[in-house]
Amino acid sequence: SIGEHGKNPESGLEIYSMKIDCKVTSRFAHNMVISRVVNRANESKEAFFEIELPKTAFITNFSMTLDGVTYVGAVKEKEVAQQQYQKAVSRGQTAGLVKASGRKMEKFKVSVNIGPTKKVTFELTYEELLKRHLGKYEIQIRVKPKQLVKHFQIDVHIFEPQGIAFLDFDAKFLPNNLTSIVKKTLTATRGHVSFKPTLEQQRKCPDCDETVLDGDFIIKYDVNRDLSAGTVQIVNGYFVHHFAPANLTRIPKNVIFVIDHSGSMSGTKMRQTNEALLKILDDMNTKDYFAIIIFDDTSETWKNSIFQATPNNVAEAKVFVRTISARGGTDINAPMLKAVRLLDKSHQDKLLPERSVSMIILLTDGDPNSGESNPTKIQENVKSAINGRYNVYCLGFGYDVKYSFLEKMSLDNDGVARRIYEDSDAPLQLQGFYDEVANPLLLDIELHYPENAISELTQANFRQYYDGSEIVVAGKISDDDLKSLIAEVFAQTANENLTLKAEVQVSEVENITQQQLYIFGDFTERLWAYLTIQQLLEKRVSAETNEKKNLTDRILELSLKYSFVTPLTSMVVTKPEENKNDSFVADKPSEDEKVPIQQRQYSYPGHAYSKRPSFTYVDSD
Amino acid sequence: PHFVISINDHSDAICFNIDGKPGAILNLVTDPYTDFVVNGELIGEKKIEINKKINTYFGKFGIVNNKMDVKVEVSTKTITVFHGEDKIVFPWSATASLTKESFSISIIKERNLTLTMGDDATFVIVLHRVWKNHPLHRDFLGFYTLDSHRFSSMTHGLLGQFYHEISAEIYNIHPGLDEGKSDATMIVKGHKLRVTRGYQKDYRFDPKRGTNVPCWFVHYNGKGFIDGSPTDYVVSSLF
Numbered sequence: 155s156i157g158e159h160g161k162n163p164e165s166g167l168e169i170y171s172m173k174i175d176c177k178v179t180s181r182f183a184h185n186m187v188i189s190r191v192v193n194r195a196n197e198s199k200e201a202f203f204e205i206e207l208p209k210t211a212f213i214t215n216f217s218m219t220l221d222g223v224t225y226v227g228a229v230k231e232k233e234v235a236q237q238q239y240q241k242a243v244s245r246g247q248t249a250g251l252v253k254a255s256g257r258k259m260e261k262f263k264v265s266v267n268i269g270p271t272k273k274v275t276f277e278l279t280y281e282e283l284l285k286r287h288l289g290k291y292e293i294q295i296r297v298k299p300k301q302l303v304k305h306f307q308i309d310v311h312i313f314e315p316q317g318i319a320f321l322d323f324d325a326k327f328l329p330n331n332l333t334s335i336v337k338k339t340l341t342a343t344r345g346h347v348s349f350k351p352t353l354e355q356q357r358k359c360p361d362c363d364e365t366v367l368d369g370d371f372i373i374k375y376d377v378n379r380d381l382s383a384g385t386v387q388i389v390n391g392y393f394v395h396h397f398a399p400a401n402l403t404r405i406p407k408n409v410i411f412v413i414d415h416s417g418s419m420s421g422t423k424m425r426q427t428n429e430a431l432l433k434i435l436d437d438m439n440t441k442d443y444f445a446i447i448i449f450d451d452t453s454e455t456w457k458n459s460i461f462q463a464t465p466n467n468v469a470e471a472k473v474f475v476r477t478i479s480a481r482g483g484t485d486i487n488a489p490m491l492k493a494v495r496l497l498d499k500s501h502q503d504k505l506l507p508e509r510s511v512s513m514i515i516l517l518t519d520g521d522p523n524s525g526e527s528n529p530t531k532i533q534e535n536v537k538s539a540i541n542g543r544y545n546v547y548c549l550g551f552g553y554d555v556k557y558s559f560l561e562k563m564s565l566d567n568d569g570v571a572r573r574i575y576e577d578s579d580a581p582l583q584l585q586g587f588y589d590e591v592a593n594p595l596l597l598d599i600e601l602h603y604p605e606n607a608i609s610e611l612t613q614a615n616f617r618q619y620y621d622g623s624e625i626v627v628a629g630k631i632s633d634d635d636l637k638s639l640i641a642e643v644f645a646q647t648a649n650e651n652l653t654l655k656a657e658v659q660v661s662e663v664e665n666i667t668q669q670q671l672y673i674f675g676d677f678t679e680r681l682w683a684y685l686t687i688q689q690l691l692e693k694r695v696s697a698e699t700n701e702k703k704n705l706t707d708r709i710l711e712l713s714l715k716y717s718f719v720t721p722l723t724s725m726v727v728t729k730p731e732e733n734k735n736d737s738f739v740a741d742k743p744s745e746d747e748k749v750p751i752q753q754r755q756y757s758y759p760g761h762a763y764s765k766r767p768s769f770t771y772v773d774s775d
Numbered sequence: 437p438h439f440v441i442s443i444n445d446h447s448d449a450i451c452f453n454i455d456g457k458p459g460a461i462l463n464l465v466t467d468p469y470t471d472f473v474v475n476g477e478l479i480g481e482k483k484i485e486i487n488k489k490i491n492t493y494f495g496k497f498g499i500v501n502n503k504m505d506v507k508v509e510v511s512t513k514t515i516t517v518f519h520g521e522d523k524i525v526f527p528w529s530a531t532a533s534l535t536k537e538s539f540s541i542s543i544i545k546e547r548n549l550t551l552t553m554g555d556d557a558t559f560v561i562v563l564h565r566v567w568k569n570h571p572l573h574r575d576f577l578g579f580y581t582l583d584s585h586r587f588s589s590m591t592h593g594l595l596g597q598f599y600h601e602i603s604a605e606i607y608n609i610h611p612g613l614d615e616g617k618s619d620a621t622m623i624v625k626g627h628k629l630r631v632t633r634g635y636q637k638d639y640r641f642d643p644k645r646g647t648n649v650p651c652w653f654v655h656y657n658g659k660g661f662i663d664g665s666p667t668d669y670v671v672s673s674l675f
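Just so you know, the sequences run in chain order V and E.
If you're matching positions, the first sequence starts at 155 in our numbering and goes up one per residue.
If you're matching positions, the second sequence starts at 437 in our numbering and goes up one per residue.
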């Protein structure tokens, strides 16, 4: 972006090159965005560099080169960075970073003054472990240059030693006649997607300067998989093990839907919830069991029982769902405990399959304000009632939800929390989440490695493995003489106990990976660091004070060592500003922040409308 | 395929070939008492030359234990376990095991699998990998019975009929029609047969070279040694 000025070519600022280079090896994506801007005017101009990157990514580097001098960002402890930032603000200097949290993306924005006829090069690097989601990995690149760019290029190189099953791209912003300019090549293990539109191809209409490049460029792929222990790769003393077996029978599940129908759900939210529930009920496997508990300040269990998802029961449940309407306050504690009791009783009475997954899916749009309203107490109650037996998934609907409360309650009980954005596609979001947990394939998965030969292992025990997802474990090889690494997987299928074993020769695997010379050599180590940080951050949410401190120290240590901008670190860049040095700070926004609602901006006749505030800042931790 | 049967309390062995048509399915074991069946499907070479003898191998096995509600289909590509309505598919490229009470299957990648069904049966299926670009040969399978002592006396099939020890008398050993090979007379199942001394391979322990098993070869598709003729063992489907 070159800001407001950029919309008008007369402004003098020109983006003459923009290159997005993405290299993926074994699901670990290393992305570089390089943008070159020249000021053709006779006066100084302010150029903005604004990028949206996936929330799951960590920024690892940023630099800008002005007049041949490169200003590089340094990752620092958040407090240290904050002090530096505050100092700059107190001196009245602009600290030019704006960040905001969207659904899937977060924003990185910086501005700098460029003198007449001068050039600036912005370079941003971020890394991400692509997560397998509903049977595919997605690389999302948001494309939105504010003007036509002479050299615009997106290059995505994928290398998956396991073999690439398919590779597709989705660029809905492109008119049909332009999709052919996206080049895709695919061999057994390598994929390449390249998009390099000329100036003419970028033009919205023959004589205008508006660009068609405005939207998401999404690359989707999956790797080959079968029923095996998966693949293990070893590079520079670190290993990563990907496990996502195919060809397994799904395990039945028992779901208690705990649905908020308090007054705040009235209108669209209630209608969308009903719509999503109807679809989810339709999609239920006949071997599954389900119950519906609805709550406001009181709670009610549909027909006081749990039912097998037979066509008749589903049809009856759908009639009930259509009648759910919004009213009253919000008591989350009572219905959650009721759900646990219902599962307990159904298991005791042997109503449910012996090998099955039991879960509670809570959908709410607000804070508890009735019954037990202390969030900490509710979390304690639910955790103690469940005692590690059932999973809790919390869906926070809308903007008023206290996400951290739901997140902790989920993580305490081996589940995840998810925001449902109040939008026209909310039913699809709800259904999409349900699809992720709809098909459990394995239970109690344990991945074993030779104890004396490895250290710093990431999480290696999992309660469930769901179809379409993937288990990733990484660690450090501590035995220098290790010749072969044996990975064993123990798990339960729908009916049997399953053992899978993979043995890899260390030298062989290292050679193969090194010979590829495809991506930076230490990717396995960085992947390990990324995964460790992500898991520690999650663990930190439900940790007690002492443990929390240890976790925080470890996250910080790793974030600084590997230069990751995580919720505990910030990146400080010192930039030149009219003969004085100024700095800005790049933070990682957290999910708990209020989601900014799109606001309309108004300007009134006779009033000067400030286009750019001196700074905008949201704290993230 | 070559069949090898131990006789006389494992002191000697009998071998014979069965020449069938590619695609034909042969019954190897049927025990009506335990409701247990093993069938094998024949495959031929990649190219079949006119007027030349067609060599066949086993390319697929179907094993059914109805009492346990388990079916296993083993091909040169995958191993599929059907348990009730469940279906699990293993590739040969993975080392894996699956257990449920008295049923277990254990795969050693690219080599063999051991199948145990209660106290009734233990089998090993050996995978023979052939160079993918070989103009004629293709991958095939071998089937070994390790334990069958709990099968009923009604067990039949090309292998099953021999699950209960049979005795054969071999005498009159003399130089045979083939130079360097001895011929002998064997009395078995009331028949008097000419047999020739030879070797077959056991590939359980050395999948590449195998170990030699000396045996008396029964000519003409095991005629007189097996009950009836090979066509009596042709069945319509793997399960």
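Note that the Cβ used here is the ideal one computed from N, Cα and C, for glycine as well.
CB contact below 8 Å: residue i versus chain V
i	result
P527(E)	yes
I623(E)	no
S557(E)	One detail in the question is off: residue 557(E) reads as Ala in this sequence, not Ser. Not an interface residue.
D522(E)	yes
T550(E)	no
K536(E)	yes
H627(E)	no
T531(E)	yes
H610(E)	no
Whole-angstrom C-beta distance between residue j and residue i, which should lie under 8 Å
i	j	result
K298(V)	L367(V)	7 Å
K304(V)	L353(V)	6 Å
F661(E)	F518(E)	With a Cβ gap of about 34 Å, F661(E) and F518(E) do not count as contacting.
F526(E)	T514(E)	6 Å
I446(V)	L496(V)	The Cβ separation is near 10 Å, so there is no contact.
G384(V)	A400(V)	The Cβ separation is near 11 Å, so there is no contact.
H622(E)	E601(E)	Correcting the residue type first, residue 622(E) is Met in the shown sequence and not His. Between E601(E) and M622(E) the Cβ distance is about 16 Å, and since that is not below 8 Å, they are no contact.
K285(V)	D324(V)	At roughly 17 Å, the Cβ-Cβ gap does not stay under 8 Å, so K285(V) and D324(V) are not in contact.
C-beta neighbour in chain E for residue i, strict 8 Å
i	result
S171(V)	no
A398(V)	no
D442(V)	no
L381(V)	yes
K703(V)	no
L652(V)	yes
E168(V)	no
Q753(V)	Residue placement at Q753(V) cannot be trusted, given a pLDDT of 31 that sits under 50; the coordinates are not used to answer.
A131(V)	Outside the displayed range of chain V (155 to 775) lies residue 131(V), so it cannot be described from this structure.
T401(V)	Residue 401(V) is actually Asn in this sequence, not Thr. It does: the Cβ of N401(V) has a partner Cβ on chain E nearer than 8 Å.
Proximity winner among the options, relative to residue i (alpha-carbon distances)
i	options	result
N523(V)	S180(V), F449(V), T271(V) and R694(V)	F449(V)
V510(E)	Q636(E), P458(E), E477(E) and C451(E)	E477(E)
I540(V)	N487(V), E711(V) and K173(V)	N487(V)
R357(V)	N267(V), P329(V) and F202(V)	P329(V)
T647(V)	L597(V), R476(V), S564(V) and N378(V)	L597(V)
F202(V)	K209(V), F262(V), K241(V) and A195(V)	F262(V)
T612(V)	N606(V), Q689(V), K556(V) and N593(V)	Q689(V)
*Taking the runs of the beta strand (DSSP E) that are 3 residues or longer, which of them lie wholly in the segment 601-658 of chain V?*
615-620, 625-631 and 638-646
message = List, from N- to C-terminal side, the beta strand (DSSP E) runs of 3 residues or more that fit wholly inside the segment 552-605 of chain V.
response = 571-574 and 594-602
_Contact between the segment 528-537 of chain V and the segment 573-583 of chain V is defined here as three or more beta-carbon pairs at a separation below 8 Å; is this criterion met?_
no
Point to revise | Secondary structure, beta strand (DSSP E): runs of 3+ residues fully inside the segment 204-237 of chain V | key: 212-220, 223-226 and 228-231
**OP:** Let me know the alpha helix (DSSP H) ranges lying completely inside the segment 412-498 of chain V, each 4 residues or longer, listed in chain order.
**Re:** 422-437 and 465-477
query: Taking the runs of the alpha helix (DSSP H) that are 4 residues or longer, which of them lie wholly in the segment 329-360 of chain V?
result: 353-356
Discussion item. Between the segment 380-397 of chain V and the segment 627-642 of chain V, can you find at least three pairs of beta-carbon atoms closer than 8 Å?
Written reply: yes
Exercise. At 4 residues or longer, and completely inside the segment 534-586 of chain E: list those alpha helix (DSSP H) runs for me, N to C.
Key: none
request  = Decide if the segment 584-604 of chain V is in contact with the segment 556-568 of chain V; the criterion is three or more beta carbon pairs, one per stretch, under 8 Å apart.
outcome  = no
Quick one: any contact between the segment 578-588 of chain E and the segment 447-462 of chain E, if contact means 3 or more CB pairs under 8 Å? no
* Which ranges does the beta strand (DSSP E) cover as unbroken runs of at least 3 residues, wholly within the segment 368-412 of chain V, from first to last along the chain? -> 369-377, 385-389 and 392-397
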